[in-house]
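Below is one structure, written out as structure tokens; comments come after it.
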Amino acid sequence: MSAFFRKRKLRYPLIALLVLGMAASILISLWSEWAAGIFILLFVLVFTITWVTEKRVYEATEKHIEALSYRMKKVGEEALLEMPIGILLVNEHYHIEWANPYMTTTLKYDSLIGESLYTLSDDFHPLVKSEETTEMTIALGDRKYRVYYKADDRLFYLFDITEQVEIETLYYADRTVIGILFIDNYDELAQGMDDQTRSNLSSLVTSLVNQWGAKHGIFVKRISSERFMAVFNESILKELELSKFAILDDIREVTSKDNLALTLSIGVGAGSASLVELGGLAQSGLDLVLGRGGDQVAIKHPSGKVKFYGGKTNPVEKRTRVRARVISHALRDLIQESDQVFIMGHKMPDMDSIGAAVGVAKMAAMNKVKGRIILDFDEYDRSVMRLMEAIEGDPELFAQFITPEEALANMTEHSLLVVVDTHKPSMVIDERVLQRMERVVLIDHHRRGEEFITNTMLVYMEPYASSTAELVTELIEYQPKHEKLSMLEATAMLAGIIVDTKSFTLRTGARTFEAASYLRSNGADTVLVQRILKEDLETYVERAKIVQTVEFAGEGIAIARGESDRVYSPVLIAQTADILLTMKDVNASFVVAERTEGGIGISARSLGEVNVQIIMENLGGGGHLTNAATQMPNTTIEQAVEQLKVVILEDTEGGTNE
């Protein structure tokens, strides 16, 4: 009981009142004894009643408090012993000193006294060791508990949340998912067919998709000749992920029997309660897949997280140049509306980046607008050095190359920026230029990644193309012919195509040869290309040393590494990966070495059976199905190799995250 209550401080004013009453009686008696007698009688009566009342109230209150205390103590004991809340008290060695009956009964122990806390579950470790975390969910047996830890008292409270977890699981499993299925190249293939063949093809594709939907409980509706809408839930999505979206392989294999190149692209929106947002995510995922060449699935969440499946085939080359002509005319109009055109490639530019930039600068000249190529003269690879030396011999062409600082000083609101050979903001030579420019055009041949330059006025991304130089060559063919390509300009662009195709052996289509033929007819010097691409004996020996370190991380997957604390150029790493791919029984090659710009670089090559693009994306890089790379800062070669092996293993077992 409260000490304040026990002191009965209400009696102090009563005693003071008694003293005052006695003083008043004496004073009144001096005036009138009768009046003093009456006053004393009434005063004593009132005082006595008040005193007795206070005593009774005190006693009644004391009894009430004692009864309430007893009841509270009894309720507390019952709560401690009988309520469905687990309580564990441990000693300094985390052995259980006391546990309430609920905990003992639930865990089916005769007694928990003396048992180690970690015998119940190893999940207690992070809760005990962490200085910040005071609660977490732990599984004990077949039940889930929310555990609260009071470190000062070494006391654990466990609340059974099994039913809550089950309800949450059911809720998330039943959330709606929307998918958009797109048949790659359907319209293009159907153009050359007669009505019966086209109808048979349409029926075959519809049948395959409907069978897939019926098998998994998915509502599928064809909404156009090449698009389907699919509605299902998260639990079905998990099943599809376990099967790695086998519908991709089914469509490809069945149509290939009839010599057709039909593949399926799927964009999936998941993780939101809003149907409108799900639809937007599905379309965004489909756009991402198509930008990566199709034959893939992209599962996109509101957080921006994307998971990819598929991507086992190279992008299919378009048969017509209609898109190239439309893009070329649109680019022509943008150039003519500009006061100057700035062209920028990626950091440490290669032959393709320089060649494409030279081609875009020529397009600007064809439209009588000045073109300026942004280049960091302190950061380009040795493989480009001979090309730049040749360009320096042409003062008019070399004058078009400027530094990022010069570009920042000369750009205006009417200037146009053309980004070539990359679509990632972090990869451009100088991000400040990109951020300052309001009018941006993007030309690239890489498969699209999640990181992407936004707010562009025009995007020309074709993953089927061998190189960006090939795309730029096709665009030049539809530009005004005020000026012709010079020999050196045509040679620079041809060098870009030759390097990216490994002398027309990889990712080479009919349009690649057409572009090369056009450049050759405009004076491209193949002998000069060979001189530019020549290598010295020292480089050859360095590559051979790296090849000697080869180890296999799986069937046909070769990994080689450079020496620790030795810097290698990106081109040397890439060339070594190319050489490994020519070896017997090697289907994919990875070369890990320190880069000149710092960190660890990995170059990856594949014959197509292994999607090295997705593997590199998981390590922060990107590229193509058969050609990709990444850079890993703040790590060692050994750590990079171990991470690479883990990602390769995960890729062979299922989907990958981005």
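Using full-length UniProt numbering, the first residue of the sequence shown is number 1, and each one after it goes up by one.
Even glycine gets a Cβ: it sits at the ideal position worked out from N, Cα and C.
Separation of residue j from residue i, as counted between CA atoms
i           : j           : result
residue 126 : residue 119 : 14 Å
residue 622 : residue 556 : 21 Å
residue 640 : residue 630 : 11 Å
residue 500 : residue 236 : 41 Å
residue 117 : residue 155 : 11 Å
residue 136 : residue 147 : 6 Å
residue 251 : residue 189 : 15 Å
residue 36  : residue 23  : 11 Å
residue 355 : residue 651 : 34 Å
residue 111 : residue 88  : 12 Å
residue 274 : residue 176 : 9 Å
residue 319 : residue 191 : For residue 319, the predicted structure reports a pLDDT of 48, less than 50, and the residue's modelled location is therefore unreliable. A value from the coordinates is still provided. If you take the alpha carbons of residue 319 and residue 191, they lie about 11 Å apart.
residue 47  : residue 14  : 8 Å
residue 165 : residue 426 : 41 Å
residue 431 : residue 591 : 28 Å
residue 520 : residue 526 : 8 Å
Three-state secondary structure (DSSP) of residue i
i           : result
residue 204 : helix
residue 419 : strand
residue 37  : helix
residue 104 : helix
residue 609 : coil
residue 109 : coil
residue 169 : helix
residue 263 : strand
residue 689 : Not covered by the structure: residue 689. The range shown for the chain is 1 to 658.
residue 228 : strand
residue 665 : Nothing about residue 665 can be reported from this structure: the residues present for the chain run from 1 to 658 only.
residue 23  : helix
residue 410 : helix
residue 655 : Low confidence applies here, because residue 655 scores a pLDDT of 46, under 50, leaving its location unreliable and the question unanswered by this model.
residue 161 : coil
residue 399 : coil
residue 447 : coil
residue 319 : In this prediction, residue 319 has a pLDDT of 48, which is less than 50 and means its spatial position is unreliable; what the coordinates show is noted afterwards. Three-state DSSP puts residue 319 in coil, outside helix and strand.
residue 325 : helix
residue 464 : coil
Contacts around residue i, its chain only, beta-carbon distance under 8 Å, and the 5 residues preceding and following it disregarded
i           : result
residue 113 : 96, 97, 98 and 99
residue 254 : 204 and 208
Other residues of its chain near residue i: CB distance less than 6 Å, five sequence neighbours each side excluded
i           : result
residue 633 : 599
residue 364 : 335, 341 and 371
residue 470 : 497, 512 and 515
residue 213 : 220
residue 366 : 479, 480, 482 and 483
residue 376 : 429
residue 281 : 269 and 300
Residues near residue i in its chain [Cβ-Cβ closer than 7 Å; skip 5 each side]
i           : result
residue 532 : 386, 387, 390 and 495
residue 551 : 559
residue 321 : 474
residue 368 : 482
First through last residue of the beta strand (DSSP E) which encompasses residue i
i           : result
residue 584 : Premise fails: residue 584 is in no beta strand (DSSP E) and is neither H nor E.
residue 295 : First-last for residue 295: undefined, no H or E at that position.
residue 90  : 85 to 90
residue 631 : 627 to 632
residue 97  : 96 to 99
residue 459 : 458 to 461
residue 443 : 440 to 444
residue 153 : It is not in any beta strand (DSSP E) - residue 153 carries neither H nor E in the DSSP assignment.
N-terminal and C-terminal residue of the alpha helix (DSSP H) that residue i is part of
i           : result
residue 135 : Unbroken run through residue 135 is the beta strand (DSSP E), 135 to 140; no alpha helix (DSSP H).
residue 127 : 124 to 129
residue 143 : Careful: residue 143 lies outside any alpha helix (DSSP H), inside the beta strand (DSSP E) at 143 to 150.
residue 118 : 117 to 120
residue 306 : That residue, residue 306, is in no alpha helix (DSSP H); its beta strand (DSSP E) goes 306 to 310.
residue 476 : 468 to 476
residue 429 : Looking at the DSSP string, residue 429 is not in any alpha helix (DSSP H), and its letter there is neither H nor E.
residue 696 : No information on residue 696 is available, as it lies outside the stretch 1 to 658 that the chain covers here.
residue 235 : 234 to 242
Residue i CB to nearest heavy atom of the ligand COA below 8 Å
i           : result
residue 412 : Questions concerning the ligand COA fall outside what the structure shown contains, since it holds no ligand whatsoever.
Quick one: which unbroken beta strand (DSSP E) runs of 3-plus residues sit fully inside the segment 171 to 226? Chain order, please. Complete beta strand (DSSP E) runs here, min 3: 176 to 184 and 219 to 222.
Which parts of the segment 327 to 394 are runs of the beta strand (DSSP E), unbroken and 3 residues or longer, counting only runs that do not cross its ends? Correct list: 340 to 344 and 370 to 374.
Give the list of continuous alpha helix (DSSP H) stretches no shorter than 4 residues that lie fully inside the segment 481 to 563. If we require 4 residues or more, the alpha helix (DSSP H) runs fully inside the segment 481 to 563 come out as 487 to 500, 510 to 521, 526 to 533 and 537 to 547.
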